[in-house]
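Quick note on my numbering: the sequence shown kicks off at 201 and runs consecutively. First comes the structure, then the notes that go with it.
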Amino acid sequence: MAVKEGWLLKRGPAVDSAWSPQWCVLDQNGFKCFADSDQQVVTCELALGPGSRACRFANIRAPGDSPKHRKEKPSGFVVEVNVALPKQRRDMGYFDAEEGEIVTEWLAAIEGWVKASTWHPGDFVCVREAFCSDSEVQVPLKPGQYGLVVEVDGDGDTKVDFPGMEYRQWVLEKNQHKIRLEKDLEPKEVFLEIVPQNDVIMHWALRIGTSRISRCYEFEADGVCMSWETLLHKGYDITKQRLGVVRKPHREITAWCKRFGAENSYNATGNGLLGGKNCQDFVVELCEFLGIDTEQLPYRQAEKVKTVLGAGALVAADAALGMGLVAGAVDMGAAVGTAAMAAMGTAVSAPALMAAAVTLAGAGTVVAGAGMLASEFGMNDSEPKKVEL
């Protein structure tokens, strides 16, 4: 669907080139010019992106040949594809709306488009022209490759997570016009993924979406992680339970996860019993944020067991099991109850229990991952740094 379309006069490549009428369309893919309103023959395409801008020829800061057209084209304007590029390499288009009101509409539409296309963590992007990434070790990127924005630094440069690549790749602001922002408006199915760590311990993750922009959200010892797949797959079969459908974009979900990671520390026992939360707490709270009915989660069975046995017995069970992540895919309540009884049958002193809990909380090697951390959203030491070329 077009954001704005209509007839404009467009100048040719040289300053003395003729001005010809073009049917211009601004839509989600950028700015295109056609020979006629039937949009059959494309005459020009400007790959707009976060670094694009448009301004009147009359603007004292208007770039390129704009000053040469100010008098003859009072309703003219220039569109720059990427202001981050050196002046001699900038792609520009010169247009004349012929009426002041129309040029105002076009400038407002382009400004709004550029603002909406600014990248944020959680956004999905697609490569539209081949180029190499700007990381220390450059990687060729091909048209059609999809990725997830994981970081936007103070310079406007972006780190993108492409599926199948060992490291996330830097894309400098000057190259962002080679990648387009994908709309994230489609309804998304939500699934609980129960990921066995062994025969007893079950890790929880939430998968949102089933298409190419599907993401796995989880909370573990390293913090909140968002990746294409769970980072804690130990080779066991993953059980999936459909929970519902949401319309929130991944950008909004990612922002919530960043807040959760900043406000909560990880503790295997969860539920705030020892000052932290675990993967189950994360899934429950994320479901509440998404408007998903949490009564369908196995977590509720565990809550009933907690009520009967008391928090002390549950902590003892967690300590006995070694991680505090007991969550049977079918009957979690029975598993916790059995473990709790077994724990109570063994004399566990309060100091020993606390020591065990502290030890377990610090056992990051058991469940440590290498995902995108909401608490950091920066690069791992092993990831290549960006390089200004």
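Idealized CB from N, CA, C, for every residue including glycine.
Straight-line Cα distance separating residue j from residue i
i: His-403; j: Phe-419; result: 9 Å
i: Cys-479; j: Lys-440; result: 15 Å
i: Ile-394; j: Asp-296; result: 59 Å
i: Gly-347; j: Leu-431; result: 18 Å
i: Tyr-466; j: Val-424; result: 9 Å
i: Cys-457; j: Phe-331; result: 32 Å
i: Ala-519; j: Asp-493; result: Annotation note: pLDDT 44 at Ala-519 (below 50); position unreliable, coordinate value reported separately. One C-alpha to the other measures close to 30 Å.
i: Trp-223; j: Gln-240; result: 11 Å
i: Ile-438; j: Lys-477; result: 22 Å
i: Arg-407; j: Leu-381; result: 22 Å
i: Leu-490; j: Lys-374; result: 36 Å
i: Leu-226; j: Asp-481; result: 44 Å
i: Ser-335; j: Lys-287; result: 24 Å
i: Pro-584; j: Ala-468; result: 32 Å
i: Gly-264; j: Val-215; result: 10 Å
i: Lys-586; j: Asp-357; result: 9 Å
i: Asn-464; j: Val-337; result: 35 Å
i: Ala-539; j: Lys-315; result: In this prediction, Ala-539 has a pLDDT of 37, which is less than 50 and means its spatial position is unreliable; what the coordinates show is noted afterwards. Spanning the two alpha carbons is a distance of roughly 54 Å.
i: Trp-219; j: Leu-385; result: 38 Å
i: Ala-405; j: Leu-497; result: 12 Å
i: Thr-559; j: Glu-429; result: Confidence is the limiting factor: at Thr-559 the pLDDT is only 36, short of 50, which leaves the residue's position unreliable, though a coordinate-based value still follows. Answer to the nearest angstrom: the Cα atoms are 28 Å apart.
i: Asp-291; j: Pro-267; result: 17 Å
i: Asn-355; j: Arg-270; result: Checking the sequence, you will find Asp at residue 355 rather than Asn. So the two alpha carbons sit approximately 33 Å from each other.
i: Arg-415; j: Gly-409; result: 7 Å
i: Val-483; j: Val-445; result: 15 Å
i: Glu-452; j: Leu-285; result: 30 Å
i: Glu-495; j: Lys-383; result: 32 Å
i: Val-353; j: Asp-361; result: The amino acid at residue 353 is misidentified as Val; the sequence shows Asp. One C-alpha to the other measures close to 15 Å.
i: Glu-205; j: Ile-413; result: 29 Å
i: Glu-301; j: Val-339; result: 46 Å
i: Glu-311; j: Arg-289; result: 22 Å
i: Ser-411; j: Ser-217; result: 47 Å
i: Pro-221; j: Phe-231; result: 15 Å
Contact check, residue i vs residue j, beta carbons under 8 Å
i: Ser-275; j: Glu-245; result: no
i: Gly-344; j: His-450; result: no
i: Ser-427; j: Val-371; result: no
i: Trp-319; j: Val-203; result: no
i: Lys-359; j: Gln-397; result: no
i: Phe-277; j: Val-242; result: no
For residue i, the nearest candidate out of the options (CA to CA)
i: Tyr-294; options: Val-279, Pro-286, Glu-305, Ile-302; result: Val-279
i: Arg-447; options: Lys-388, Pro-584, Asp-355; result: Lys-388
i: Phe-391; options: Phe-362, Val-349, Leu-443, Glu-429; result: Leu-443
i: Ile-379; options: Pro-396, Gly-251, Trp-219; result: Gly-251
i: Val-400; options: Pro-213, Tyr-436, Glu-429; result: Tyr-436
i: Cys-233; options: Pro-213, Asn-464, Trp-207, Ala-284; result: Trp-207
i: Glu-351; options: His-433, Phe-231, Thr-454; result: Thr-454
i: Ala-462; options: Arg-412, Asp-422, His-433, Val-242; result: Asp-422
i: Glu-272; options: Ser-414, Arg-211, Asp-353; result: Arg-211
Contact belief for residue i with residue j at Cβ below 8 Å, rounded distance in angstroms
i: Lys-342; j: Val-327; result: 6 Å
i: Glu-485; j: Phe-460; result: 7 Å
i: Leu-209; j: Ser-317; result: With a Cβ gap of about 26 Å, Leu-209 and Ser-317 do not count as contacting.
i: Phe-229; j: His-377; result: According to the sequence displayed, residue 229 carries Asn and not Phe. No, Asn-229 and His-377 are not in contact; Cβ-Cβ is about 12 Å, not under 8 Å.
Interface flag, residue i vs chain C, CB-CB below 8 Å
i: Ala-330; result: The structure shown has no chain C; it contains just one protein chain.
Any non-hydrogen atom of the ligand MN closer than 7 Å to residue i Cβ
i: Phe-257; result: With respect to the ligand MN, the structure offers nothing, as it holds no ligand at all.
Three CB pairs or more closer than 8 Å across the stretch 463-472 and the stretch 363-383: no
Cβ contact (3+ pairs, closer than 8 Å) linking the stretch 245-260 and the stretch 298-312: yes
Stretch-stretch touch, CB-based, cutoff 8 Å, three pairs: the stretch 256-272 with the stretch 230-240: no
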